[in-house]
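Notes follow once the structure below has been shown.
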Amino acid sequence: MAIPIAVLDCDLLLHGRGCKTLDRFDLDSVSNDVLLSNFGFPRDFILYLVELLRETLSRRTLRSRAISPEVQVLAALGFYTSGSFQTSMGDIIGISQASMSRCVTVVTKALVEKAPQFITFNRDPSNTEYSFQEFQRVAGFPGVLGVLDCVQVAIKAPNNEASSYVNKKGSHSVACQLVCNAQGLLLSAETWPGGLQDTDILERSALYKQLQDNEEGWLLGDGRYPLKKWLMTPLESPETDAEFRYNLAHTMTHEIVDRTFRAIQTRFRCLDGIKGHLQYSPERSSSILLACCVLHNASLHSGLDAWTLERTEPLEQPSGPEQKLEERDSEAEELRKRIILEHFS
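In the UniProt record's numbering, the protein residues as written are 1 to 345.
As structure tokens, this is what we get:
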């Protein structure tokens with residue numbers, strides 16, 4: 001005869017019955033250095049996050065032994081910034097590894113719900129003009145709305161549709177198409193199976209649809225992308241001094257998106273692959289990646305520097321196939337020639 005087994009809360013086993021909310025960690029009792037070392041952010045930003053997510057986190061934990069929003073946020077930050085559910089991390093805030101995992105799930109979902117609030121591509125005239133000015137200060141490239149790239153984050157092999165997540169290196173990953181501004185603020189972040197080509201991701205993305213009617217300015221993308229009137233790419237074989245200057249300005253400006261993702265990976269070590277791939281399904285891994293993108297933007301809105309923790313080594317960028325002649329956009333090529341003539345000659 002089968003014996004029913006009660007599923008017990010690990011924290012109930014550890015701490016017994018008592019007060020209804022497990023407020024185990026006092027933010028005011030530790031220094032900023034301790035918070036930065038263990039959770040990646042200073043006290044003021046952590047408190048800001050707690051208030052931002054408090055209603056959602058409180059609503060989702062209406063149990064007799066609910067973990068407070070403060071502890072939930074700390075548990076999630078501890079994982080995002082360390083990349084593991086270390087026993088020592090749980091000991092610091094007073095919860096089990098299993099509870100840390102649950103906190104990460106709940107906080108990640110809450111942050112992803114905030115993505116439209118923090119990751120927006122505002123193209124009103126005042127924002128557009130500001131973008132042009134800020135990007136032109138970088139290397140003299142005119143009319144830039146944002147810089148585009150697609151990055152890969154390693155995940156464990158999924159149970160279903162595993163082949164669609166096998167990237168060019170033969171490993172499993174989720175891809176994230178990013179656009180950022182001159183300060184490293186993300187304007188767009190979309191996740192896709194890692195096996196897709198960057199050009200396929202672009203053509204399927206919401207960003208592509210959004211920019212089809214764009215009449216002023218352009219994104220900058222590297223040589224993996226097709227040249228479009230709203231997407232300027234470098235010349236494959238520059239010949240004149242003006243063309244070399246165009247390519248140099250393009251490279252220096254486009255580097256901002258690479259620097260931004262390097263900084264995100266450095267702050268959120270769960271994404272950098274050093275501790276191994278994310279041990280989750282593609283869907284949950286994508287949510288963790290987007291949650292870290294939201295945190296990156298939220299930290300910039302709060303006055304933190306985008307590139308404080310930037311690593312120095314560049315991201316590896318695989319070269320893409322050349323466009324076939326019949327696929328080339330003649331209007332875009334004429335526009336690029338005009339940019340070179342008017343701004344780099």
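Glycine included, every Cβ here is placed at the ideal spot set by N, Cα and C.
In whole angstroms, what is the alpha-carbon distance linking Ala332 and Cys180?
Your numbering for residue 332 matches position 332 in the sequence shown. Your numbering for residue 180 matches position 180 in the sequence shown. Their backbone Cα atoms lie some 22 Å apart in a straight line.
Shortest alpha-carbon distance to Val151 belongs to which of Ala263, Leu145, Phe135 and Val30?
Reading the sequence shown from its first residue, position 151 is the one you call residue 151. Checking every option, the nearest Cα to that of Val151 belongs to Ala263.
How many Å lie between Leu278 and Ala139 at the Cα?
Counted from its first residue, the sequence shown places residue 278 at position 278. Counted from its first residue, the sequence shown places residue 139 at position 139. Approximately 37 Å, taken between the alpha carbons.
Who are Val147's beta bridge partners in DSSP?
In the sequence shown, counting from the first residue as 1, residue 147 sits at position 147. DSSP output for Val147 lists Cys180 and Leu220 as bridge partner(s).
Tell me the DSSP secondary structure of Gly194 in three-state form.
The sequence position of residue 194 within the sequence shown is 194, counting from 1. If DSSP states are grouped into helix, strand and coil, Gly194 belongs with coil.
Contact between the segment 126-136 and the segment 210-220 (3+ Cβ pairs under 8 Å):
yes
May I ask you to report which of helix, strand or coil DSSP gives Gln72?
By one-based count along the sequence shown, residue 72 stands at place 72. Helix, per DSSP.
Using three-state DSSP, classify Lys156 as helix, strand or coil.
In the sequence shown, the residue the question calls residue 156 occupies position 156. Correct three-state label for Lys156: coil.
Within 10 Å of its beta-carbon, does His301 have 16 or more other beta-carbons around it, so buried, or fewer, so exposed?
Position 301 of the sequence shown, counted from the first residue, corresponds to residue 301. By the 10 Å Cβ count, His301 comes out exposed.
Verify whether the separation of the beta carbon atoms of Leu35 and Pro42 is less than 8 Å.
One-based indexing of the sequence shown puts residue 35 at position 35. One-based indexing of the sequence shown puts residue 42 at position 42. Yes; because the gap between Cβ atoms is below 8 Å, this pair is in contact.
Below 8 Å on the Cβ atoms is my contact criterion, and I expect Cys121 with Ala242 to pass it. Report the Cβ-Cβ distance as a whole number of Å.
Looking up residue 121 in the sequence shown gives position 121. Looking up residue 242 in the sequence shown gives position 242. With the sequence shown as reference, residue 121 is identified as Phe, and Cys is not the correct amino acid for it. Between Ala242 and Phe121 the Cβ distance is about 30 Å, and since that is not below 8 Å, they are no contact.
Could you give the distance in angstroms between the alpha-carbon of Lys324 and the alpha-carbon of Asn127?
What you label residue 324 is simply residue 324 of the sequence shown in a count that begins at 1. What you label residue 127 is simply residue 127 of the sequence shown in a count that begins at 1. In this prediction, Lys324 scores a pLDDT of 44, lower than 50, which makes its location untrustworthy; no coordinate-derived value is stated.
Proximal residues to Leu235 (C-beta, below 6 Å), its chain only, five neighbours per side dropped
Sequence index remark: in the sequence shown, residue 235 carries index 235 (1-based). Within the same chain, Leu235 has close Cβ partners Glu243 and Asn247.
Could you check if Glu190 is buried or exposed, using at least 16 other CB atoms within 10 Å of its CB as the buried criterion?
Locating residue 190 in the sequence shown gives position 190, counting from the first residue. With 16 or more Cβ atoms within 10 Å of its Cβ, Glu190 is classed as buried.
Identity of the residue in Gly195, Pro238, Thr199 and Gly170 nearest Leu227 by Cα:
Stepping through the sequence shown from its first residue, residue 227 is reached at position 227. Cα-wise, what sits closest to Leu227 is Thr199.
Please report the straight-line C-alpha distance between Ile288 and Gly303, rounded to a whole angstrom.
Start at 1 with the first residue of the sequence shown, and residue 288 comes out as number 288. Start at 1 with the first residue of the sequence shown, and residue 303 comes out as number 303. Rounded to whole angstroms, Ile288 to Gly303 spans 23 Å at the Cα level.
At 4 residues or longer, what runs of the alpha helix (DSSP H) sit wholly inside the segment 236-294?
241-267
Short Cβ contact (8 Å threshold) for Leu178 with Leu186:
The residue labelled residue 178 in the question sits at position 178 within the sequence shown. The residue labelled residue 186 in the question sits at position 186 within the sequence shown. Taking 8 Å as the Cβ cut-off, Leu178 and Leu186 qualify as a contacting pair.
For Thr108, the first and last residue of its enclosing alpha helix (DSSP H)
The residue given as residue 108 occupies position 108 in the sequence shown. That run of the alpha helix (DSSP H) goes Gln97 to Glu113.
Tell me His172's beta-bridge partners as DSSP assigns them.
Within the sequence shown, residue 172 is the residue found at index 172, counting from 1. Bridge partners of His172: Val166.
Residue nearest to Phe261 in terms of C-alpha spacing, selected from Asp149, Glu113, Tyr225 and Gly40:
One-based indexing of the sequence shown puts residue 261 at position 261. Considering only alpha carbons, the answer is Asp149.
Going by other Cβ atoms of all chains shown within 10 Å of its Cβ, with 16 needed for buried, is Gln72 buried or exposed?
Taking the first residue of the sequence shown as 1, we reach residue 72 at position 72. Buried, by the Cβ-count rule.
Best match in Thr266, Ile340, Ser82 and Val106 for proximity to Pro238 [C-alpha to C-alpha]
Stepping through the sequence shown from its first residue, residue 238 is reached at position 238. For Pro238, the nearest C-alpha among the options comes from Ile340.
Can the beta-carbon of Thr253 be found closer than 8 Å to that of Val144?
Counting from 1 along the sequence shown, the entry for residue 253 is found at position 253. Counting from 1 along the sequence shown, the entry for residue 144 is found at position 144. Yes, Cβ-Cβ distance for Thr253 and Val144 is below 8 Å.
For Pro125 and Arg328, I'd like the C-alpha separation in whole angstroms.
The sequence position of residue 125 within the sequence shown is 125, counting from 1. The sequence position of residue 328 within the sequence shown is 328, counting from 1. Computed Cα separation, rounded: 30 Å.
To which residues of the same chain is Gly194 closer than 6 Å at the C-beta, ignoring the five residues directly before and after it?
The count along the sequence shown starts at 1 and reaches residue 194 at position 194. Closer than 6 Å at the Cβ level, and outside the excluded window around Gly194, lie Gln152, Tyr165, Asn167, Ser173, Val174 and Ala175.
Test item: CB-CB of Ala298 and Phe118 under 8 Å:
In the sequence shown, the residue the question calls residue 298 occupies position 298. In the sequence shown, the residue the question calls residue 118 occupies position 118. Taking 8 Å as the Cβ cut-off, Ala298 and Phe118 qualify as a contacting pair.
Counting C-beta neighbours from all protein chains within 10 Å, is the total for Ser131 16 or more, i.e. buried, or is it exposed?
Along the sequence shown, read from residue 1 onward, the residue named residue 131 stands at position 131. Per the 10 Å Cβ criterion, buried.
Relative to the C-alpha of Leu196, which residue among Arg224, Pro69 and Ser188 is closest?
Taking the sequence shown and counting its residues from 1, the one referred to as residue 196 is at position 196. Of the listed residues, the one whose Cα sits closest to Leu196 is Arg224.
Per-residue DSSP class, three states only, for Ala306
Translated into the one-based positions of the sequence shown, residue 306 becomes position 306. In the structure shown, Ala306 sits in coil (DSSP, three-state: anything other than H, G, I, E or B).
How big is the Cα-Cα spacing for Ser281 and Lys156?
Locating residue 281 in the sequence shown gives position 281, where the first residue counts as 1. Locating residue 156 in the sequence shown gives position 156, where the first residue counts as 1. The alpha-carbon atoms of Ser281 and Lys156 are separated by roughly 7 Å.
Between Arg204 and chain C, is the shortest Cβ-Cβ distance under 8 Å, so that the two count as touching?
The structure shown contains no chain C; it is built from a single protein chain.
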